[in-house]
Amino acid sequence: MTVNSAVNGAAGDALGGHPPGGTAARQARELLERERRTHIAELGLLEGESAPDEAVMARRGTLQSNLEEIDAALARLDDGTYGRCEDCRKPVPEGRLEIIPYARRCVVCQQRRR
Ligand SMILES: [Zn+2]
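Residues 1 to 114 in the UniProt record's numbering are what the sequence shown lists, from first letter to last.
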């Protein structure tokens, strides 16, 4: 048993709100897959630039790292840890997940890292 599961126990798991196969998980997956498609489409456009400037290169980098985050979020949906802050293990607020569906942390923990 890990420290986190010892602290949170079964009650903590019930707070996640995104059990695999549930409605919330399905909606999150749809959102992530839509994000994934738009990211890939934009990346494809940017990769077609023959002489990319700095802004294009920066945008490409952002899109690529977002795509990695989206894939990681999809993996978390599969293992049932999606929607839980990686640091404090509390549920990430729905409003935040709607804006950044691949968010790993709650706002407080994310700001602490900056
Ligand atoms: Zn947190």
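C-beta: ideal position from N, C-alpha, C; glycine also.
1) When you compare only the Cα positions, how much space is there between R96 and R60?
2) In terms of alpha-carbon separation, which member of I100, C85, R105 and H18 lies closest to L67?
3) Give the straight-line distance between the Cα atoms of T94 and L63, rounded to the nearest whole angstrom.
4) When you compare only the Cα positions, how much space is there between G102 and S50?
5) Considering only the alpha carbon of each residue, which of E47, G17 and E30 lies closest to L74?
6) What is the DSSP secondary structure of R84, counted as helix, strand or coil?
7) So, R89 versus Y82, is the Cβ gap smaller than 8 Å?
8) Residues in its own chain within less than 8 Å of P19 by CB, not counting five upstream and five downstream?
9) What span of residues does the alpha helix (DSSP H) with H39 cover, start to end?
In terms of the structure at hand:
1) 24 Å
2) I100
3) For clarity, residue 94 is Glu in the given sequence; the question names Thr instead. Straight-line Cα distance between these residues: approximately 23 Å.
4) Residue identity check: residue 102 is Tyr in the sequence provided, not Gly. Taking the straight line joining both Cα atoms gives about 31 Å.
5) E30
6) strand
7) no
8) A25 and G80
9) T23 to E47
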